[in-house]
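Here's the structure, in structure tokens; my notes come after.
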Amino acid sequence: MRLDIYQAETERLSHEQSALLAEAKHKLQTEHRLTSLEQAGVLHTVQILIENAIGKAKHLLKAADEPVPTSAYDAFASLARIGTIKPEDLPEWNAIIGIRNRIVHDYMNIDMAIILNLVSTGRYQFVTDFLMRPISGEAKPLG
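Numbering-wise (my numbering), the sequence shown opens with residue 3 and increments by one.
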């Protein structure tokens, strides 16, 4: 897939998922709760947003002629190593990847309070920001 088409789809999906999370955030701040169905929707939305970022990370590595690891943790570590993301942001990426892994693989032990806090505080926004950054030239170091 051409990178420009991939980026356009990445942005479209990010915009959709971010709008859903913004709606959930507003409801949490005004009504202080979500229904069980809405909570399930939030989990899915968070998962898709993070998976979109993992996919973009791997595309960036490929575009930079870097090895593309299987592990999402390793993909973001590689982006930090080549300067595409700031090394000090890596713990935040590792935490969000951990949330995605918990949603996908350990779904019986999800602490919904953590997910709802992530949404109500907008702590997912850095993922959206990463997804909205243009790909062209992005594999080069920041700054």
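Ideal Cβ positions, reconstructed from N, Cα and C, are used throughout, including at glycine.
- The beta carbon of Leu51 sits closer than 6 Å to the beta carbons of Gln19 and Val129 from its chain, once the five residues preceding and following it are set aside; these are given in chain order.
- Ala42 counts as exposed, since fewer than 16 other beta carbons sit within 10 angstroms of its beta carbon.
- Gly85 sits in coil when the DSSP states are folded into three classes, being neither helix nor strand.
- For Pro93, the enclosing alpha helix (DSSP H) covers residues Leu92 to His107.
- In this structure, Ala79 sits near Leu92, with a CB-CB distance shorter than 8 Å.
- In this structure, Asn96 places its C-beta atom within 8 Å of the C-beta atom of Tyr75.
- In the displayed model, Ile137 falls within coil according to three-state DSSP, outside both helix and strand.
- By the neighbour-count definition (other C-beta atoms within 10 Å, threshold 16), Arg102 is a buried residue.
- Closest in C-alpha terms to His46, from the list Gln9, Gly124, Arg104 and Thr72, comes Arg104.
- For Lys27, the closest C-alpha among the options Gly85, Val48 and Ile137 is that of Val48.
- One thing to note: Leu133 has its Cβ within 8 Å of the Cβ of Ala55.
- DSSP, reduced to helix, strand and coil, places Leu36 outside both helices and strands of the structure shown, so it counts as coil.
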